[in-house]
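Using numbering that gives the first Met the number 0, read the sequence shown as starting at 0 and increasing by one per residue. Ideal Cβ placement from N, Cα and C applies to all residues, glycine included.
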Amino acid sequence: MTILVLVRNFVPAHEQVARGDWDVAAVAKQEYDLENKVVGTVAVGRIGERVLRRLKAFDCKELLYYDYQPLSPAAEKEIGARRVDSLEEMLAQCDIVTINCPLHEKTKGLFNKELISKMKKGSYLINTARGAIVVKEDVAAALESGHLAGYGGDVWFPQPAPKDHPLRTAKNPFGGGNAMVPHMSGTSLDAQKRYADGTKAILTSYFSGKHDYRPEDLIVHKGDYATKAYGQRK
Numbered sequence: 000m001t002i003l004v005l006v007r008n009f010v011p012a013h014e015q016v017a018r019g020d021w022d023v024a025a026v027a028k029q030e031y032d033l034e035n036k037v038v039g040t041v042a043v044g045r046i047g048e049r050v051l052r053r054l055k056a057f058d059c060k061e062l063l064y065y066d067y068q069p070l071s072p073a074a075e076k077e078i079g080a081r082r083v084d085s086l087e088e089m090l091a092q093c094d095i096v097t098i099n100c101p102l103h104e105k106t107k108g109l110f111n112k113e114l115i116s117k118m119k120k121g122s123y124l125i126n127t128a129r130g131a132i133v134v135k136e137d138v139a140a141a142l143e144s145g146h147l148a149g150y151g152g153d154v155w156f157p158q159p160a161p162k163d164h165p166l167r168t169a170k171n172p173f174g175g176g177n178a179m180v181p182h183m184s185g186t187s188l189d190a191q192k193r194y195a196d197g198t199k200a201i202l203t204s205y206f207s208g209k210h211d212y213r214p215e216d217l218i219v220h221k222g223d224y225a226t227k228a229y230g231q232r233k
């Protein structure tokens, strides 16, 4: 959703009609299709893989991913995704980059001025993982300079975001490119029901003595991370 909001230049277009104006050319000059674009995800765990699967329908030029643990060959073939060995190499190819990695000591501040400079000029960065994975001042500067055409997501650092947080108001030179919202993606009514169902399943499994937990409901199990992605620190 955030990718489409940015690439289709939705926010400036809506702001225009809300003002009572009508100038298609003014907003269309920064509007693109996902078709024939290169999209890459930083990490391809449960969420990253689902993002790639949903993007398949948009006929992107290529779907890339960077992760220490590859998808299975069958999944790669089904999705049409390709693993890239170097993060910098992937960023240089992508029109759109979506961050789907966990936050830990090796990913905190990962997207700083230096790494963002490796991205294609005019590319889009989406972060629905954790706010601290990016350096907010560096993202705002890249957006305002036009190096990034857009930045969007619903995660902030700190959170709640102070009123003077730079990513509240940063825009690209054309007056758009900001698709930031409060941390709301995981709080839809449907998501809350999934959380409740997952909690119920865990408690039922525990008190029954079966301990047959669903993998998607766990982060830590038996004193260790339930998924390898959370444990990777290299």
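Since I believe residue j is in contact with residue i (beta carbons under 8 angstroms), could you give me their beta-carbon distance rounded to a whole number of angstroms?
i	j	result
Thr97	Val50	6 angstroms
Glu48	Ala74	7 angstroms
Gly197	Asp223	In fact, because the Cβ distance is near 20 angstroms, the residues do not count as touching under 8 angstroms.
Gly39	Met0	So it is not a contact: roughly 18 angstroms between Cβ atoms.
Lys260	Glu143	A query on residue 260 cannot be resolved here, the shown segment of the chain reaching from 0 to 233 and no further.
Met179	Gly151	6 angstroms
What residue range does the beta strand (DSSP E) around residue i cover?
i	result
Pro150	The question names Pro, but residue 150 is Tyr in the sequence shown. Here the beta strand (DSSP E) through Tyr150 covers 147 to 152.
Leu124	122 to 126
Arg82	80 to 82
Val96	95 to 98
Met179	177 to 179
Assign residue i to one of three DSSP states: helix, strand, or coil.
i	result
Tyr64	strand
Val134	coil
Ala42	coil
Ile218	coil
Arg232	With a pLDDT of only 48 at Arg232, under the threshold of 50, the placement of this residue in the model should not be trusted; the figure read from the coordinates follows. Correct three-state label for Arg232: coil.
Phe156	coil
Arg213	coil
Phe57	helix
Using alpha carbons as the reference points, say which of the options lies closest to residue i.
i	options	result
Lys55	Gly185, Lys76, Gln68	Lys76
Ile2	Ile201, Lys170, Glu113, Asp94	Asp94
Ala270	Gly121, Ala128, Arg167	Outside the shown range of the chain (0 to 233) lies residue 270, about which nothing can therefore be said.
Leu70	Arg52, Lys60, Cys59, Asp211	Arg52
Tyr123	Gly19, Glu136, Arg213, Ala91	Ala91
Ile125	Asp196, Val41, Met183, Arg45	Val41
His146	Glu88, Lys117, Pro157, Pro161	Lys117
Tyr212	Phe206, Ile218, Ile201	Ile201
Lys107	Phe156, Tyr67, Glu87	Phe156
Lys60	Tyr67, Ile78, Val37, Gln68	Val37
Asn177	Leu188, Gly185, Ser187, Pro165	Pro165
His182	Lys221, Ala128, Gly175	Ala128
Val26	Phe173, Lys119, Asp84	Phe173
Leu86	Asp20, Gly79, Leu109	Leu109
Asp137	Asp189, Lys221, Leu114	Leu114
Check for me: the alpha helix (DSSP H) holding residue i runs from which residue to which?
i	result
Tyr194	188 to 207
Met89	86 to 92
Ala17	9 to 17
Ala24	23 to 27
Pro165	165 to 168
Leu3	1 to 6
Glu113	112 to 115
Problem - Segment contact, 8 angstroms Cβ cut-off, at least three pairs: the region 123 to 140 with the region 90 to 104 - result: Below 8 angstroms, enough C-beta pairs join the region 123 to 140 and the region 90 to 104 to call them touching: three or more.
Problem - Inter-stretch contact at 8 angstroms, needing at least 3 Cβ pairs: the region 0 to 14 / the region 31 to 42 - result: With the cut-off at 8 angstroms, the region 0 to 14 and the region 31 to 42 touch.
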